[in-house]
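Novice: Sharing a structure here in structure tokens format.
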Amino acid sequence: NASYQVDIPELVDAEIRFSWLAAHVSSPVKCNGLYYWLDTAGNLGIFDPKDNECSWTVCDKPLRRLNNSQQSFMIESDGELFTVFVGCDGRQVHVFKLDFSEEAWHEVQSLGDKMVHVSYRSSFSEKAVVRGTGNKIYFPKFYGGNGVFYSLGTRKFHSFVGNFSKEDFYDMKDMKHCTWIKLRLTRACDAEIKW
Numbered sequence: 001n002a003s004y005q006v007d008i009p010e011l012v013d014a015e016i017r018f019s020w021l022a023a024h025v026s027s028p029v030k031c032n033g034l035y036y037w038l039d040t041a042g043n044l045g046i047f048d049p050k051d052n053e054c055s056w057t058v059c060d061k062p063l064r065r066l067n068n069s070q071q072s073f074m075i076e077s078d079g080e081l082f083t084v085f086v087g088c089d090g091r092q093v094h095v096f097k098l099d100f101s102e103e104a105w106h107e108v109q110s111l112g113d114k115m116v117h118v119s120y121r122s123s124f125s126e127k128a129v130v131r132g133t134g135n136k137i138y139f140p141k142f143y144g145g146n147g148v149f150y151s152l153g154t155r156k157f158h159s160f161v162g163n164f165s166k167e168d169f170y171d172m173k174d175m176k177h178c179t180w181i182k183l184r185l186t187r188a189c190d191a192e193i194k195w
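Everything in the sequence shown is counted per the UniProt record's numbering, starting at 1 for the first residue and increasing by one.
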């Protein structure tokens, strides 16, 4: 069991702290102004930072996890909430999308042109701008020194280097203590730069 103290930026400013006890949970995700958290039993907690009671609401329809899923990652993407479940050997990778009106999860077979980056510390989604990079989940895993991704199209793990293709992540190096960093490049004009 692990204990997590979570400081939610909007609440820290209001001098409110929130913490909970949980075992092997997904990281909390902010989506449409609310915070979502998925526990090991598939229960989805929803926290509204504007609610004066400062309490979690738990959805009535838990997501029944697959029998051998060992990892889960939640991702916000364009106002939608997704979760990725991975079996203990990587043979089963499933993606679910939350239907907000029903408060129910539905499995999706394709991410379309989205590419999803997942890790234990951070996860995010973005539109693929390079051909062949969409409909894939990028894990913090390496095989032979090369990064590995999971293709929802082939239902296999691949690398952009060589002809690597596997149905599981046996013999892959898992980077547990890492995070994805998404760079946003901006241009500054001379007037904005302080010389």
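Each residue gets a CB set at the ideal place from its N, CA and C atoms; glycine is no exception.
1) Are there 16 or more other CB atoms within 10 angstroms of the CB of residue 127, so buried, or fewer, so exposed?
2) Return the chain-ordered ranges of every alpha helix (DSSP H) run that is complete within the stretch 131-163 and spans a minimum of 4 residues.
3) Quick one: Cα of residue 63 to Cα of residue 105, how far?
4) Under the assumption that residue 135 contacts residue 123 (Cβ atoms under 8 Å), give the Cβ distance between them as a whole number of angstroms.
5) Taking the straight line between their C-alpha atoms, what separation do you get for residue 31 and residue 187?
6) So residue 117 is in the beta strand (DSSP E); what residue range does that whole segment cover?
7) On the DSSP bridge assignment, give the partners of residue 63 in chain order.
8) Residue 87 by DSSP, collapsed to three states: which one?
9) Does the contact criterion of 3 or more C-beta pairs under 8 Å hold for the stretch 166-176 versus the stretch 108-117?
10) Alpha carbon to alpha carbon, how far is residue 80 from residue 87? Give it in angstroms, no decimals.
11) With DSSP as the reference, label residue 34 as helix, strand or coil.
12) Helix, strand or coil for residue 129 per DSSP?
13) Check whether the Cβ atoms of residue 103 and residue 60 lie closer than 8 Å to each other.
14) Go through its chain and collect everything with a Cβ distance to residue 212's Cβ below 6 Å, but skip five positions before and after it.
15) Note down the Cα distance separating residue 42 from residue 180, rounded to an integer number of angstroms.
Specialist: In terms of the structure at hand:
1) A residue is called buried when at least 16 other Cβ atoms come within 10 angstroms of its Cβ; residue 127 does not meet this threshold and is exposed.
2) Taking 4 residues as the minimum length, the stretch 131-163 contains no alpha helix (DSSP H) run wholly inside it.
3) When rounded, the distance between both Cα atoms is 6 Å.
4) 16 Å between Cβ atoms; not a contact.
5) Answer to the nearest angstrom: the Cα atoms are 28 Å apart.
6) From DSSP, the beta strand (DSSP E) with residue 117 extends over 114-117.
7) According to DSSP, residue 63 bridges with nothing at all.
8) Correct three-state label for residue 87: strand.
9) No, they do not touch.
10) Going by the C-alpha atoms only, they are around 23 Å apart.
11) Secondary structure of residue 34 (DSSP, three-state): strand.
12) Residue 129: coil per DSSP, three-state reduction.
13) Closer than 8 Å, so yes.
14) Any answer about residue 212 is impossible in this case: the structure gives the chain only from 1 up to 195.
15) Taking the straight line from one Cα to the other gives about 25 Å.
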